[in-house]
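Asks:
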Amino acid sequence: MKTRKLAYAAMLIALGIALSNFVYFPVGASKCTPVQHIINVISAVALGPGYAVSIAFCISVTRNILGTGTLLAFPGSMVGAFLGGLLYKKTSNKFLAAAGEITGTGIIGAIAAYPVAKFILHKEATALFFVVPFLINTVAGSAIALIILKGGKFLKEIYKK
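First residue of the sequence shown? That's 1158 in the working numbering, and the numbers climb one at a time after it.
If you want it as structure tokens, here you go:
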């Protein structure tokens, strides 16, 4: 592991935790925060799928420990981070990274959240219940991330491949 990548990952984790307390909205049984999806897309592009998943996991764990997150953050954020990172790694296309985040979180992660909601949180919901709120959240976050990446020439300075 490179020190620069670890430092950048730590910065993204800190931003994800700090900003999620200021920008969130309840949708259904979940607390939705577009900040997580902004971080997922940026980390997928800048650091790759492994780091993106690790960053999503660290943010989810810390937010749960602090009482500001829910267990639904795990399937939602980690699948999207992985798929976004994988698509960017294969194509070097930022839009496909965002599409991977949207598909991974908004559809796959939302369906994966069903067993968490039913068996761990004891919430009654259908398997597709979380798709709409997760999609709303991840589309907003991914769009903001693309705007940041478009204007973010700073990424080339912070992280040189």
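Ideal Cβ positions, reconstructed from N, Cα and C, are used throughout, including at glycine.
What residues match up with Phe1291 in a beta bridge as DSSP calls it?
Replies: Position 134 of the sequence shown, counted from the first residue, corresponds to residue 1291. Partner residues in a beta bridge of Phe1291, as assigned by DSSP, do not exist.
Asks: Give every residue of the same chain whose Cβ lies closer than 6 Å to the Cβ of Leu1169, excluding the five residues on either side of it in the sequence, and list them in chain order.
Replies: As a working mapping, residue 1169 is identified with position 12 in the sequence shown. Shown here for Leu1169: same chain residues with a beta carbon closer than 6 Å to its own, the five before and five after excluded, namely Ile1196, Ser1200, Ile1212 in chain order.
Asks: Of all the options Ala1164, Ile1305, Gly1226, Ala1270, which has the alpha carbon lying nearest to the alpha carbon of Val1236?
Replies: Taking the first residue of the sequence shown as position 1, residue 1236 is located at position 79. The shortest C-alpha separation from Val1236 is found at Ala1270.
Asks: Indicate whether Glu1258 and Gly1233 have their beta-carbon atoms separated by less than 8 Å.
Replies: As a first step, residue 1258 is located in the sequence shown; it is residue number 101 there, counting from the start. As a first step, residue 1233 is located in the sequence shown; it is residue number 76 there, counting from the start. Taking 8 Å as the Cβ cut-off, Glu1258 and Gly1233 do not qualify as a contacting pair.
Asks: Where does Asn1294 land, buried or exposed, given buried means 16+ other C-beta within 10 angstroms?
Replies: Against the sequence shown, residue 1294 aligns to sequence position 137. Flag for Asn1294 reads buried.
Asks: Reducing DSSP to helix, strand and coil, say where Phe1214 ends up.
Replies: Locating residue 1214 in the sequence shown gives position 57, where the first residue counts as 1. Note: Phe1214 maps to helix in three-state DSSP.
Asks: Check this for me: beta carbons of His1194 and Gly1298, under 8 Å apart or not?
Replies: Along the sequence shown, read from residue 1 onward, the residue named residue 1194 stands at position 37. Along the sequence shown, read from residue 1 onward, the residue named residue 1298 stands at position 141. Less than 8 Å separates the beta-carbon of His1194 from that of Gly1298.
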